[in-house]
Amino acid sequence: MNGPLKRASIACLLMFGLLMVNINYLQAVRADQLREDPRNNRNFYARYEVERGRITAGNEVLAESVEKPDSDFRFQRKYPHGPLYAHITGFFSPESESAIERSRDSLLDGSDPSLLVRRSIDLFTNKATKGANVDLTIVPKAQEAGYEALRRSGKRGAVVAIAPKTGAILTMVSVPTYDPNELSGTNKGDVFGRYAELDKNKNKPLINRVIDRTYPPGSTFKALTMAAYLEEDSSRGPSTMVEAPQLLDLPNTSADLPNYGGSACGAGRVTLQFALERSCNTPFGAMGMELGYDKMLEHAKKFGIGGEPLEIPMGVAGSGIGPKEDAAALAQASIGQRSNQMTPLQMAMIAAGIANDGKVMKPYLINKIADAEGGEVETAKPEELTTAISPETADKLQQMMVSVVNNGTATAARIPGVEVGGKTGTAETAEGQAPHAWFISFADVQDPEVAVAVLVESGSAGTDASGGHTAAPIAKAVMEAVLDR
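Just so you know, our numbering puts 669 at position 11 of the sequence shown, and the rest follows in order with no gaps.
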C-alpha cells in the first residue's frame, strides 16, 4: 500500500471511530438529557399520540383522553369535573404531570413493563396502543359533600376520609383548588401562563393541603395523648380522676399553661372523660409531662407519625411531634401546639386507628388498575401499618370520643341513629392570625365505615368559633354521604 492511500485509510478509520464514539455518547450518555430538552418537539407531539387511560372513581370518570380532529395533536386530556378532583387526578400539561397523572404515568400512557403482553397483542392485531385505566377508592358523593361544605365556609382547608378497616381513602378535598383543564391544553403559552398565575397566588391553590402541608393539630392531638396515657396503665379508664387546675405550672418558665380562654375545667379535679369532652388543656399537659418525651414519641410512631414516608401513591409530607426539649415544651406539644406538626391525612389515620380497635391501616388511593381491554394489572390489598393501641384501650377511647360528640364540644357532628366519635381542635398559629379549626371523627362505632379529618385554616375567628362549630359540620356531611344517610 502506498503512502497516500495508507494515510487516507487511517483518516477514514479515525472518522468512523469518532462517528461511533459520538453516536454512543448521544445515545447512552446524553439520551435522557436530549429526550427531556424542551426544544425537542418530537417528544412534545408524542405525548398526545397515545390515548391515555381513564382515571375513574367507580362509574364516575375523573380524567380521560379525547380525540382532537383537525389538529396537530391526536388526543387531549379532559377532566369532566374540573376543580372537584384536581388535587387527586392532577393535570397533564405539555411538559409535566402531577398527582395520579404523574405517579402512574407509565401505566396511563401504556409504556409500563406490566403492559408488555397487552402491547404485544395490540401489535399483532394492529390495534393502537392504549394506556391502562386507574380506578380510585374515592366515593364521589362524599367528595362532593366535603368539597361543597368546605367551599361554603369561605376558608382555605382540607377534608380527608378513610375507611378504618382497609385504609382506602374515600375523600380528599383541598380548597382553594384549580381547574386541571386549564393546565392540560396543548398550547404551551396558555398553559405555562396559567400555571404561573396559580403558582403566584397567595392562597396556593396548587398545593394539596391533605398531604403536602403540615399544621399544628391543636386539641385533636389530645386523642393521641389520651391513647398513650390509657395504654401505659390498663387500670385507667373514662372514670379515672385527674387534676385539672385552671393554670398548669410549667417548670423552668414563668409562662403557665391555661385552659382555652383561661376557663376552669370542672371543679379542679375531673374524670378523663370530662377532660376530653371539655378539651381541657391542663390535664393533658400534665399527662404529657408524666409520660415523658420518649413515651410520647413511641406512641406517636405507633400511629405512623415520624415513620417511613407514606406514598398513597403520591408522597405525603412527614408529621412529627417536634424535637426533644424541656418539660414545658412537652406539655404544649401534648395539647397539639409548640413544634407539633401534622398533615390532615395523619390526623385521619389517628381517628381511623382508634375506630379500628387500635390497628392503623396503610392509606391508599388506588383501588385497581386494568388494561384497555379490562385485564387486571393491579388490585389493592389492604395492609396493616401498625398496631397503635390494644383493643381494650381503643374501646375506652371510643366511648370517650362518642361522649365528646354527645355531651362535649362536638355536638354539631351528631347523626341521628349513628354513634359518632370525635375530637375538636383549635390550633394557635402566627400572631395576629385566627386559629385553625380542626375536627377528627369516626362512625359508626360498632362497625366503623369512615374516619374523617377536617382542617379549616384560620377557621376559629370569632368568640364562639372552634373546631366544633366550624369543622365538625363539614365532617358530618362527609360521614353522612359515606354512610348514605
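Cβ coordinates follow ideal geometry from the N, Cα and C atoms, glycine included.
L808 sits in a helix when the DSSP states are folded into three classes. Take the alpha-carbon of E722 and the one of Q1004: they are about 31 Å apart. As a beta-bridge residue in DSSP terms, L915 pairs with L906.
Put simply, the stretch 984 to 995 touches the stretch 876 to 888. At least three CB pairs are less than 8 Å apart. Annotation: L1043 to L906 spans about 36 Å, alpha carbon to alpha carbon. Within a 10 Å sphere around the beta-carbon of P874 sit 16 or more other beta-carbons, which makes this residue buried. Residue range K880 to E889 is occupied by the alpha helix (DSSP H) that includes T883. Residue nearest to L955 within the set M945, N939 and I979 is I979 (criterion: CA-CA distance).
Taking C-beta separations shorter than 6 Å and ignoring five residues to either side along the sequence, the partners of A985 in its chain run P909 and M947, following chain order. Of the candidates A715, Y918 and H739, H739 places its Cα closest to the Cα of E840. Bounds of the alpha helix (DSSP H) holding T1128 are G1125 to T1128.
Under the criterion of beta carbons closer than 8 Å, K1026 and D793 qualify as touching, at roughly 5 Å. Here V724 is exposed, its C-beta having fewer than 16 other C-beta atoms within 10 Å. Distance from the Cα of V1136 is smallest, within the candidate group E1031, A1006 and I1047, for A1006.
Taken through DSSP and simplified to helix, strand or coil, T1037 comes out as strand. Counted as a single uninterrupted DSSP element, the stretch harbouring F932 is not any beta strand (DSSP E) but the alpha helix (DSSP H) occupying residues L930 to R936.
Counting along the chain, the unbroken alpha helix (DSSP H) around Q1057 starts and ends at P1049 to N1065. In the DSSP secondary-structure assignment, N791 is bridged to A1028. Distance from the CA of I827 to the CA of I796, rounded to the nearest whole angstrom, comes to 6 Å. A straight line joining the alpha-carbon of A1129 with that of E1077 spans about 18 Å. As the crow flies, the alpha-carbon of I865 is around 11 Å from that of N859.
Using a Cβ-Cβ distance cut-off of 8 Å, the stretch 778 to 790 and the stretch 811 to 823 are not in contact, since fewer than three pairs of beta carbons, one from each stretch, lie closer than that value. Nearest neighbour of V1035 by Cα position, chosen from L663, G711, V708 and L773, turns out to be L773. Sorting I1012, P1074, D1053 and Y743 by C-alpha distance to the C-alpha of I1098 places I1012 at the top. Beta-bridge partners assigned by DSSP to V1110: A819 and S1099.
Relative to R852, the option among G804, R810 and P752 whose CA is nearest is P752.
Restricting attention to F731, D728 and G804, the CA atom closest to the CA of Y743 is found in G804.
Residue pairing for T1069: DSSP places it in no beta bridge.
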